[in-house]
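These notes concern the structure reproduced below.
There are 2 protein chains.
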Amino acid sequence: MNIGEIARRAGVSRSTVSYALSGKRPVSDDTRRKIQQVIDELGYRPNATARALANGRTSTIGLVFPPAGNHYTGMQLDFIGSVVEAAAAYDYDVLLSPSGVDSDRSFQRLLGERRVDGAILMEIRLEDDRAEHLAALDFPFVAIGRTAQPDGGWWVGLDHTALAAACVHHLADLGHRRVAFVNRPEQLLRAGYESAHRGLDGFTKAAAERGLTVRTYCCGDDAASGQACVERILHDDPATTALVTLNEAALGGLFRGLAQSGRHVPRDFSVTGVVASRWAETVTPQLTAADVPAEEMGRRAVELLVERLDQPDGPPRHHLLAPPISLRASTGPAGTAT
Amino acid sequence: MNIGEIARRAGVSRSTVSYALSGKRPVSDDTRRKIQQVIDELGYRPNATARALANGRTSTIGLVFPPAGNHYTGMQLDFIGSVVEAAAAYDYDVLLSPSGVDSDRSFQRLLGERRVDGAILMEIRLEDDRAEHLAALDFPFVAIGRTAQPDGGWWVGLDHTALAAACVHHLADLGHRRVAFVNRPEQLLRAGYESAHRGLDGFTKAAAERGLTVRTYCCGDDAASGQACVERILHDDPATTALVTLNEAALGGLFRGLAQSGRHVPRDFSVTGVVASRWAETVTPQLTAADVPAEEMGRRAVELLVERLDQPDGPPRHHLLAPPISLRASTGPAGTAT
DNA sequence: CACTTCACGCGAACCGGTTCGACGACCGGT
DNA sequence: ACCGGTCGTCGAACCGGTTCGCGTGAAGTG
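If you're matching them up, the sequences are chains A and B in order. Start counting at 1 in the first sequence, then tack on 36, and there's your number in the numbering used here. Start counting at 1 in the second sequence, then tack on 36, and there's your number in the numbering used here.
See below:
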């Protein structure tokens with residue numbers, strides 16, 4: 037059931053069917069109707085692969101997401117969902133590509149074999165070989181996050197520096213003096229993950245500005261690590277009264293650790309950080325946090341990518357988002373425990 | 037940089053290059069080396085689209101996931117990750133397809149336009165028009181969950197009936213007599229979602245067997261709904277001492293509701309259900325639950341689909357999984373509060 | 001030395017679309 | 001009656017691979 041079959045049954049040539057479908061050349065009403073009728077009868081749909089080969093575009097974008105096996109955070113799920121939805125609105129499909137252990141291989145699949153027209157790179161690193169590689173090939177992509185050289189690139193990022201700083205100021209304003217920072221896992225920090233680095237920077241600088249006593253920690257992406265991390269924090273400095281975290285997946289564990297050490301949140305201890313709202317709301321008390329706008333980021337990334345694909349020579353664009361802190365219930369004035 | 041270019045530079049014909057690459061016909065060592073050398077120099081990779089057109093297989097599978105806009109649960113994320121990983125091991129890519137509002141349209145894209153060789157259908161319903169449609173077309177797919185007519189189909193399912201029953205027995209063994217059931221949202225139940233129905237069935241039958249007094253509730257897929265649901269439960273019957281839930285996303289809200297009504301878990305109130313272990317571990321106390329083996333389900337679904345694609349005439353296969361209940365800390369003997 | 005056998009490589013056709021150049025029919029104008 | 005232009009359609013080439021049938025030269029055999 038291909039275009040030739042339709043042409044045969046409608047008594048016209050293949051090209052006429054093609055033009056009737058695409059509208060790129062005029063076709064008389066009579067022929068168009070006849071063709072449409074045959075198409076409806078047979079339920080014909082043009083083969084996407086053949087079309088892709090002919091016009092050199094796959095109408096597919098690649099979503100390169102973090103190593104599987106590692107834990108996914110909730111934010112990533114929301115993000116993937118919104119990318120798929122936004123892409124559908126522009127008539128693009130989304131192909132998932134794990135950039136895991138075998139990242140070269142899947143990268144080759146996507147790019148070398150031309151399976152996709154463009155890509156969205158999640159979990160960017162400051163020195164990101166994937167991004168450099170794509171940039172060198174002039175392959176259209178949008179990064180989620182800024183590399184160390186954000187100029188001239190296409191990206192959608194969260195201003196982790198500003199957000200972490202905002203958390204610090206929020207706590208300092210409440211009177212907290214001894215504050216801990218719970219980062220993503222150490223291996224990610226060492227690998228140069230942007231959020232981990234800039235978040236740490238923002239935290240450290242703002243804390244220095246406000247004269248706070250701080251300690252910083254790395255924490256695995258799961259509840260058990262969160263719990264262990266709190267134990268370390270309170271062991272290292274029992275007078276700590278607040279923490280800032282970027283680690284969504286450890287959140288439940290952080291709260292459990294605090295509860296088990298007898299700290300009541302927010303009376304004895306305040307918790308805040310950068311977390312998607314759905315997840316901030318799952319803990320008790322609900323987390324006061326800068327809400328990661330995962331849905332918006334996904335949508336914007338797709339918009340940018342589509343724009344880049346449509347106008348390959350347009351100037352690079354980006355969005356740096358800095359959502360405000362949503363006050364919920366996990367922070368309170370320090371000193372009640374002093 | 038196509039196969040013709042390689043052929044030209046290596047001084048052979050296009051078909052020889054093709055055979056050298058695929059190994060489907062013998063090629064002399066000399067020519068093979070020469071060709072390989074040119075390929076390495078130019079970094080050539082065969083175009084996936086052209087290959088797909090020629091041999092009629094896209095090497096891509098479609099993952100049809102639940103309506104976006106609705107909340108995703110953590111289990112789904114793990115599942116998607118493991119599907120991508122398992123598919124990569126078989127040299128398949130994964131194309132995401134939202135079966136949302138415009139489900140016909142995206143269905144047409146995937147199947148009508150032949151973008152994928154096969155599909156995995158998530159969140160199956162008892163009477164599932166998508167599954168029926170695919171079955172009628174004889175299109176290779178694997179369902180996650182059983183329809184009302186599971187015979188003759190390919191699927192990977194969780195035995196929600198047995199799991200919910202196991203939860204009931206666990207609670208009954210602990211002495212609980214008044215137990216609530218927290219299901220997925222009402223619209224999903226009405227739409228005929230398999231897990232919601234079979235879970236409810238299993239719960240109801242086991243409760244009747246054990247002579248328990250029960251109430252069943254539907255609950256939105258978010259923390260706020262969970263909290264509201266607990267309030268309803270305790271309002272309807274303040275003597276309720278335990279609940280069973282299938283609703284992963286509401287879990288945090290359920291715990292908050294219990295805390296706010298003064299119930300201590302597990303001393304005053306027991307909670308159990310069917311939840312992926314990562315999420316069961318994020319609440320405090322950690323949830324005693326039948327751990328949804330999302331990773332295994334994803335892997336098996338891919339294995340089944342690949343098998344079906346390789347041997348289209350083989351007999352249908354399926355896996356019905358019934359993981360045991362993992363004892364954690366959210367259930368305890370009833371009666372202390374009596 | 002003539003004859004088969006085999007290994008190797010080539011050319012052409014094909015997958016199912018898109019697109020370009022050309023051509024015939026019909027029109028109105030002089 | 002002839003000419004130029006427009007409209008609608010057709011055939012052929014092309015996208016980049018795969019695959020089938022056949023030809024050719026070298027090796028093996030009696």
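Glycine is no exception: its CB is placed at the ideal position from the N, C-alpha and C atoms. Computed from a predicted model, the values in this text were never measured in an experiment.
- Taking a C-beta distance under 8 angstroms as the contact criterion, Val74(B) and Arg45(B) qualify as a contact pair.
- A Cβ-Cβ contact shorter than 8 angstroms links Arg213(B) with Thr249(B).
- In the assembly as shown, Asp66(B) is an exposed residue. Its beta-carbon has fewer than 16 other beta-carbons within 10 Å.
- Nearest in C-alpha terms to Leu279(A), of all of Ile42(A), Leu210(A), Gln72(A) and Arg145(A), is Leu210(A).
- Taking a 10 Å sphere around the C-beta of Gly40(B), we find fewer than 16 other C-beta atoms and assign the residue as exposed.
- Here Ser133(B) is buried, its C-beta having at least 16 other C-beta atoms within 10 Å.
- Per DSSP, reduced to three states, the secondary structure at Gly298(A) is coil, with no helix or strand assignment.
- Under the Cβ criterion (8 angstroms, minimum of three pairs), the segment 181-198 of chain A counts as touching the segment 221-238 of chain A.
- Note on the segment 80-156 of chain A: whole alpha helix (DSSP H) runs with a minimum of 4 residues are 84-91, 110-125 and 139-143, in chain order.
- The Cβ atoms of Gly154(A) and Pro176(A) sit closer than 8 angstroms to each other.
- Nearest in C-alpha terms to Pro221(B), of all of Gly247(B), Cys255(B), Asp114(B) and Arg141(B), is Cys255(B).
- Annotated as distal: Gly334(B) and Phe101(B), with beta-carbon spacing of 8 angstroms or more.
- It is roughly 13 angstroms from the alpha-carbon of Leu356(B) to the alpha-carbon of Val178(B).
- With 16 or more other Cβ atoms inside 10 Å of its own Cβ, His206(A) counts as buried.
- In the displayed model, Leu341(A) falls within a helix according to three-state DSSP.
- Only residues of its own chain outside the window of five on either side were considered, and among them Phe239, Thr252 and Val280 have a CB closer than 6 angstroms to the CB of Phe217(B), listed in chain order.
- Against chain A, the CB of Leu132(B) has a partner CB under 8 angstroms away; the residue lies at that interface.
- Proximity of Phe115(B) to chain A, defined by a Cβ-Cβ separation below 8 angstroms, is not satisfied.
- The C-beta distance from Ala337(A) to Ile180(A) rounds to 6 angstroms, short enough to fall under 8 angstroms.
- Considering only Phe305(B), Gln223(B), Thr324(B) and Pro321(B), the residue with the shortest C-alpha distance to Leu270(B) is Phe305(B).
- Distance from Ile156(A) to Leu99(A) at the Cβ level is roughly 5 angstroms; contact confirmed, criterion being Cβ atoms closer than 8 angstroms.
- For Glu317(B), the residues of chain A that pass the 8 angstroms Cβ criterion are Asp258, Ala259, Ala260, Gly288 and Gly289, in the order they occur in the chain.
- Excluding the 5 residues flanking it on each side, Thr324(A) has same chain C-beta neighbours closer than 6 angstroms at Thr308, Leu363, Arg364, Ser366 and Thr367, in chain order.
- Assignment of beta-bridge partners to Cys254(B) by DSSP yields Asn219(B).
- Note that the C-beta distance between Gly289(A) and Glu267(A) is not below 8 angstroms.
- Residues of the segment 135-168 of chain B that bring their beta carbon within less than 9 angstroms of a beta carbon in chain A comprise Gly136, Asp138, Arg141, Ser142, Gln144, Arg145, Leu146, Leu147, Gly148, Glu149, Arg150 and Arg151, in sequence order.
- Collapsing the DSSP output to three states places Phe291(B) in a helix.
- Using a CB distance cut-off of 8 angstroms, Val120(A) counts as an interface residue toward chain B.
- In the structure shown, Val328(B) falls within a coil segment according to DSSP collapsed to helix, strand and coil.
- Not flagged as an interface residue toward chain B: Asp76(A), since no C-beta distance is shorter than 8 angstroms.
- Per DSSP, the beta-bridge partners of Thr308(A) are Val280(A) and Thr324(A).
- Thr94(B) reaches chain A at Thr85, counting residues in chain order whose Cβ is nearer than 8 angstroms.
- Here DSSP, grouped into helix, strand and coil, assigns Thr249(A) to strand.
- For a cut-off of 8 angstroms, the C-beta gap from Thr85(B) to Arg151(B) is around 11 angstroms, too long to register as a contact.
- Asn91(B) sits exposed, since fewer than 16 C-beta atoms from the chains shown fall within 10 Å of its C-beta.
- When only Cα atoms are considered, Arg353(B) and Ala167(B) end up about 15 angstroms apart.
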